[in-house]
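A.B. asks:
2 protein chains.
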Amino acid sequence: MREGLVSDSAESANLRDRIITASVLVPVAVLASLAGGWLFLCLALPLMCIGILEFFVMEKDRPMQGSSLTGIPTALAIVLGFYLGSDWLWQAALGLGLAATLALEIARQPRRPDYALAQVGTTLCGILYLAFPTAFLVSLRNRPEDGLMWLFVVYAITWGTDTFAYVFGRFFGRTKLAPLISPNKTVEGAIGGIICAWVLAFFILLVAGRLEPRLAPMIVVGPFLAVGGDLFESGLKRIFRVKDSYVAGFNVFPGHGGVLDRIDALVWVASWVFFYLVSSGTA
Amino acid sequence: MREGLVSDSAESANLRDRIITASVLVPVAVLASLAGGWLFLCLALPLMCIGILEFFVMEKDRPMQGSSLTGIPTALAIVLGFYLGSDWLWQAALGLGLAATLALEIARQPRRPDYALAQVGTTLCGILYLAFPTAFLVSLRNRPEDGLMWLFVVYAITWGTDTFAYVFGRFFGRTKLAPLISPNKTVEGAIGGIICAWVLAFFILLVAGRLEPRLAPMIVVGPFLAVGGDLFESGLKRIFRVKDSYVAGFNVFPGHGGVLDRIDALVWVASWVFFYLVSSGTA
Numbered sequence: 000m001r002e003g004l005v006s007d008s009a010e011s012a013n014l015r016d017r018i019i020t021a022s023v024l025v026p027v028a029v030l031a032s033l034a035g036g037w038l039f040l041c042l043a044l045p046l047m048c049i050g051i052l053e054f055f056v057m058e059k060d061r062p063m064q065g066s067s068l069t070g071i072p073t074a075l076a077i078v079l080g081f082y083l084g085s086d087w088l089w090q091a092a093l094g095l096g097l098a099a100t101l102a103l104e105i106a107r108q109p110r111r112p113d114y115a116l117a118q119v120g121t122t123l124c125g126i127l128y129l130a131f132p133t134a135f136l137v138s139l140r141n142r143p144e145d146g147l148m149w150l151f152v153v154y155a156i157t158w159g160t161d162t163f164a165y166v167f168g169r170f171f172g173r174t175k176l177a178p179l180i181s182p183n184k185t186v187e188g189a190i191g192g193i194i195c196a197w198v199l200a201f202f203i204l205l206v207a208g209r210l211e212p213r214l215a216p217m218i219v220v221g222p223f224l225a226v227g228g229d230l231f232e233s234g235l236k237r238i239f240r241v242k243d244s245y246v247a248g249f250n251v252f253p254g255h256g257g258v259l260d261r262i263d264a265l266v267w268v269a270s271w272v273f274f275y276l277v278s279s280g281t282a
Numbered sequence: 000m001r002e003g004l005v006s007d008s009a010e011s012a013n014l015r016d017r018i019i020t021a022s023v024l025v026p027v028a029v030l031a032s033l034a035g036g037w038l039f040l041c042l043a044l045p046l047m048c049i050g051i052l053e054f055f056v057m058e059k060d061r062p063m064q065g066s067s068l069t070g071i072p073t074a075l076a077i078v079l080g081f082y083l084g085s086d087w088l089w090q091a092a093l094g095l096g097l098a099a100t101l102a103l104e105i106a107r108q109p110r111r112p113d114y115a116l117a118q119v120g121t122t123l124c125g126i127l128y129l130a131f132p133t134a135f136l137v138s139l140r141n142r143p144e145d146g147l148m149w150l151f152v153v154y155a156i157t158w159g160t161d162t163f164a165y166v167f168g169r170f171f172g173r174t175k176l177a178p179l180i181s182p183n184k185t186v187e188g189a190i191g192g193i194i195c196a197w198v199l200a201f202f203i204l205l206v207a208g209r210l211e212p213r214l215a216p217m218i219v220v221g222p223f224l225a226v227g228g229d230l231f232e233s234g235l236k237r238i239f240r241v242k243d244s245y246v247a248g249f250n251v252f253p254g255h256g257g258v259l260d261r262i263d264a265l266v267w268v269a270s271w272v273f274f275y276l277v278s279s280g281t282a
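Protein chains in written order, with numbering that gives the first Met the number 0: chain V, 0 to 282; chain X, 0 to 282.
1) Would you check if there are 3 or more beta carbon pairs closer than 8 Å linking the stretch 189-204 of chain X to the stretch 77-90 of chain V?
2) With S138 (chain V) and F55 (chain V) assumed to form a contact (beta carbons below 8 Å), what rounded beta-carbon distance in angstroms separates them?
3) So S66 (chain X) and Q118 (chain X) are supposed to be a Cβ contact under 8 Å. How far apart are they, rounded?
4) What are the residues of the stretch 69-91 of chain V that lie near chain X, defined by any Cβ-Cβ distance shorter than 9 Å?
5) Does the contact criterion of 3 or more C-beta pairs under 8 Å hold for the stretch 219-231 of chain V versus the stretch 115-129 of chain X?
6) Would you say V153 (chain V) and A34 (chain V) are within 8 Å of each other, going by their C-beta atoms?
7) Buried or exposed: where does V266 (chain V) fall if 16 or more other Cβ atoms within 10 Å of its Cβ makes it buried?
8) Using beta carbons (cut-off 8 Å, strictly below), is I284 (chain V) in contact with chain X?
9) Report all residues from its chain with a CB closer than 8 Å to the CB of V258 (chain X); omit the five preceding and five following residues, and keep chain order.
10) Between the stretch 227-241 of chain V and the stretch 131-147 of chain X, do at least 3 Cβ pairs fall closer than 8 Å?
11) Using DSSP with H/G/I as helix, E/B as strand and the rest coil, what is N183 (chain V)?
12) Looking at the C-beta of F223 (chain X), does it have a partner C-beta in chain V at a distance below 8 Å?
13) Do we get a CB-CB distance below 8 Å when we pair M113 (chain V) with the residues of chain X?
14) Would you mind working out which of X:L42, X:D16, X:T160, X:K242 sits nearest R140 (chain X), comparing C-alpha positions?
15) Please state the DSSP three-state secondary structure of K175 (chain X).
16) In chain V, what lies closer than 8 Å to T174 (chain X) by C-beta?
17) On the criterion of 16 or more Cβ atoms from any shown chain inside 10 Å, does F131 (chain V) qualify as buried, or is it exposed?
18) Please tell me whether V220 (chain X) has its Cβ less than 8 Å away from any Cβ of chain V.
19) Would you be able to state if there are at least three C-beta pairs under 8 Å between the stretch 85-100 of chain X and the stretch 13-25 of chain X?
20) Given that R213 (chain V) touches chain X, what residues does it touch there, using C-beta distances under 9 Å?
21) Given a cut-off of 8 Å, decide if G191 (chain X) and A164 (chain X) are closer than it, judged by their beta-carbon atoms.
22) Just the chain V side, please: which residues come within less than 7 Å of P216 (chain X) by C-beta, in chain order?
23) List, in order along the chain, the chain B residues whose C-beta lies closer than 9 Å to that of C124 (chain V)?
24) Can you tell me where the alpha helix (DSSP H) with D243 (chain V) in it begins and where it stops?
25) If distances are taken between C-alpha atoms only, which option among V:P112, V:L204, V:G256 comes closest to M148 (chain V)?
26) Once you ignore the five residues that flank I156 (chain X) on each side, which residues in its own chain have a CB closer than 7 Å to its CB?
27) Go through its chain and collect everything with a Cβ distance to F171 (chain V)'s Cβ below 6 Å, but skip five positions before and after it.
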């Protein structure tokens, strides 16, 4: 989430970069989402890979070499397993990927088995944080009847919260939400964002003719997770003492902090919607 | 996880309390787990409630009053919904519980809608962090054929990692694992704990005649999540600047930091095993 209280020329330039980036990315995302199938995979997979790279390089004194060499193919295979509906593929990928990480890291530094295990742990965190949610999002999109609707519900909750939190924060922002973790967020922004996301998701379900009372808890909880996922990523950056998450020379979204900053809420919301539908026996 | 590098008389007294507590709690936990059904619920529900209370009071300047009044009944109803296999019960409980929290908090402080929404957010975090994992654990135990085996797999991973990390840490602990978050944990302890948990889970599956290759990723990942869940709770305590998580006058486990300290790894491992079985179509 981004909420500005200060308005100077540097921020205006940043805002201009942001808007240019968004005007390219939003149509691409909308088209790939509408198309679904392999085209949606072609959007989701590269973004996930960059996100995982950003996550791996965040940790100081522990650069990405080993873990991303095995972690990224593992993540790709997990998403592909969910896409193809093949349980053994994602399970084998997860097991082999972590075993390969361990073997590779021991080969690289035979005297440091502790380092090897730490690399396996970091790789696993990246997979749980980014690969599974991507797999869930792809699964949601590929539901035969209503995949597109669920995807737009996820988008409405994620970016609805984010966008309206920015707007409300600029106009009404007074009370800091979590000053230690993310100084620009305000309580007023978060409230405005959450309520607007509820309205957006409500309208999507209404238009799709799927306004069922049992979906209410899913919609009510969603925007809170969007705020929470955003704070969580800000917390990660704070713990690892980095300002922006992007990999040097790899900032694909000018004006934005990196891919992680754009998908931090999405991974939580997609996981929640997927979990809710699976637990209800709807998936 | 608890790993000692220093050994003085205060720690010996603490260790004695710990052992006395464990010698009462472990038989109770084993008996309730073996019995299953309502008896297992009678163990799980009170521990969950204390854990949620501990989580709510952790946050400074925001004591538990409002959120626990609505949050704890909501959590109980969610676990009951999973126990009875009733989707509408847990979904209605979640929706009504959050709506009731909002209404109650607005009634308590009508001029502070931001405070009310923050209370809803905190209540939701407590439910996601503790109520759903408890519901998953109860669901696992109540699988008609193999519930007890899965429960013991979860226990082996959770407390196997914890116990052996303590033992290995005391004897071989040299390298700090995460000095900023949890100063007593060592890399050597974590490695020993993870490997011993693998062996324990392997033997349970072997004895039960359920040693299938497709379960390997679940077992491999489990102990890493036990370590991660433990670090996560330590991180929470650090963010909220509390040393022990227990509610004043409510320390049910003398010698231990509180219920959250004992179940921080369990909630992650139970969620992972449940998710793995559901995603594989085994649940």
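No residue lacks a Cβ here, since even glycine has one placed at the ideal position from N, Cα and C.
C.D. replies: Short version:
1) Segment contact: the stretch 189-204 of chain X against the stretch 77-90 of chain V, fewer than three CB-CB distances shorter than 8 Å; contact not assigned.
2) For a cut-off of 8 Å, the C-beta gap from S138 (chain V) to F55 (chain V) is around 25 Å, too long to register as a contact.
3) So it is a contact: roughly 5 Å between Cβ atoms.
4) Answer set for the stretch 69-91 of chain V: F81, D86, W87, W89, Q90, A91.
5) Under the 8 Å Cβ criterion, the stretch 219-231 of chain V counts as touching the stretch 115-129 of chain X, having at least three qualifying pairs.
6) At the C-beta level, V153 (chain V) and A34 (chain V) stay beyond 8 Å of one another.
7) That one is buried.
8) Limits of chain V in this structure are 0 at one end and 282 at the other, which puts residue 284 (chain V) out of reach.
9) Contacts found: L46, I49, G50, E53, S244, Y245, V251, F252.
10) Output reads no: the stretch 131-147 of chain X does not touch the stretch 227-241 of chain V.
11) Three-state result, N183 (chain V): strand.
12) Yes, contact with chain V.
13) Sequence check: residue 113 (chain V) is Asp here, not Met. Chain X contact via Cβ: present.
14) Selected option, being the one with the closest Cα: X:L42.
15) Three-state result, K175 (chain X): strand.
16) Ordered by position in chain V, the residues that pass the 8 Å Cβ test against T174 (chain X) are D113.
17) Counting C-beta atoms within 10 angstroms of its own C-beta, F131 (chain V) has 16 or more neighbours from the protein chains shown and is therefore classed as buried.
18) At least one chain V Cβ lies under 8 Å of V220 (chain X).
19) Using a C-beta cut-off of 8 Å, the stretch 13-25 of chain X makes no contact with the stretch 85-100 of chain X, since fewer than three inter-stretch Cβ pairs fall below that distance.
20) Within chain X, the C-beta atoms nearer than 9 Å to that of R213 (chain V) come from D86, W87, Q90, A91, G94, in chain order.
21) Contact: yes.
22) Taking a Cβ-Cβ cut-off of 7 Å, the neighbours of P216 (chain X) in chain V comprise Q90, L93, G94, given in sequence order.
23) The structure shown contains no chain B; its protein chains are V and X.
24) Annotation: D243 (chain V) is outside any alpha helix (DSSP H) and is labelled neither H nor E by DSSP.
25) Answer by Cα proximity: V:L204.
26) Excluding residues within five positions, the ones whose Cβ falls inside 7 Å are A196, A200, G221, P222, A225, V268.
27) Contacts found: E187.
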